[in-house]
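Just so you know, we're using my numbering here: the sequence shown kicks off at 60 and counts up by one. In what follows, a structure is listed as structure tokens, so that the remarks can point back to it.
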Amino acid sequence: MLKKLKKLSLIVLLLPSVLLASISVQHTPLPGGIAVINFSTNHANPKAFYNKIPLYVQRIKDQHWQALVGVPLYEKSGKKTITIQDFSTRELAFEVIAPKQVKQTQHITLKKKKKKYVNPNLAHMDRINKERPILSNARKVFSDKALSAGAFIRPVDGITTSVFGTRRFFNGKARRPHTGIDYAGKIGTPIKAPASGKVILVGEYFFNGKAIFIDHGQGLVSVYIHMNKQLVKAGQHVKQGEIIGTIGQTGRATGPHLHWGVYLNQTVVNPNLLLGINK
Ligand SMILES: [Zn+2]
């Protein structure tokens, strides 16, 4: 009996460390990638910043910590620094390497009803301007603790129709590169939370259509757009694998698909890096 109890308490003791496991990402210090910066400290709660924006910080083992830096899509290559705050403040350098040559281009034709997404009128512009701060505030959410651990899983099984960074033209007009991954799927296909977290925004927006934002802690935020059904509410906690809604084609979408985006330190990064895929 005592042996059993001992075993049980050991499991209980081990559980928190399992739950607080770090997220694993490869060091990909190029625009749209994630720079993984190792540092040592005895401090229990060190902080790190890039361009004054707080970073995702995780303990690997003992004094070994990591700061994860989402590298902006338009960041120039060369030496950069992050600031570490523990018992004092210090700077750590890292190198941003040149972006990969983007080979993929995508020409998208929006017809009749969807033409407003290329040439919005004044009323649309008014709506876009009202929605902009709501969306950018959701991307800026920073909760002190990690809300997920381990590797992310794919939110849907469908085929990838557009990778991160693809150059895009809408009705012949150049628009910014693709800031997420598109998965094709039938309307109504369930979308799973790829990692645990807290829902921060559920709404319908001009370009994004029906969208959900999930906070995974420490500035790691994932977004799901062009949805059909939204099955969670803002403030709700979700577990990895939980259904949050279904695939749709709301907003600036020419066909049913899920657009999945991931933000780190308010910077859009390639979601594949959270799945352990380095491309
Ligand atoms: Zn997309």
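Backbone N, C-alpha and C define an ideal beta-carbon position, used for all residues, glycine too.
{"query": "Collapsed DSSP secondary structure at residue 136 in the structure displayed", "result": "coil"}
{"query": "heavy atom of ligand 1 below 8 Å from residue 239 C-beta", "result": "yes"}
{"query": "Secondary structure of residue 301, DSSP reduced to three states", "result": "coil"}
{"query": "Per DSSP, cross-strand counterpart(s) of residue 241", "result": "221, 318"}
{"query": "Short CB-CB distance (under 9 Å) between residue 269 and chain B", "result": "Absent from the structure: chain B. Only one protein chain is present."}
{"query": "Whole-Å CB distance - residue 92 paired with residue 258, under 8 Å assumed", "result": "Going by Cβ atoms, the distance from residue 92 to residue 258 rounds to 27 Å, so no, they are not a contact pair."}
{"query": "Span separating the alpha-carbon of residue 217 from that of residue 129", "result": "26 Å"}
{"query": "Own chain residues within Cβ distance below 8 Å of residue 83, not counting five before or after", "result": "209, 210, 335"}
{"query": "Residue(s) in a DSSP beta bridge with residue 281", "result": "273, 321"}
{"query": "Endpoints, alpha helix (DSSP H) assigned at residue 334", "result": "Counting along the chain, residue 334 falls outside any alpha helix (DSSP H), and DSSP gives it neither H nor E."}
{"query": "Reduced DSSP secondary structure (H/G/I, E/B, other) of residue 193", "result": "helix"}
{"query": "Sufficient close CB pairs (3 or more, under 8 Å) joining the stretch 185-196 to the stretch 99-108", "result": "no"}
{"query": "Residues sharing a beta bridge with residue 164, DSSP", "result": "226"}
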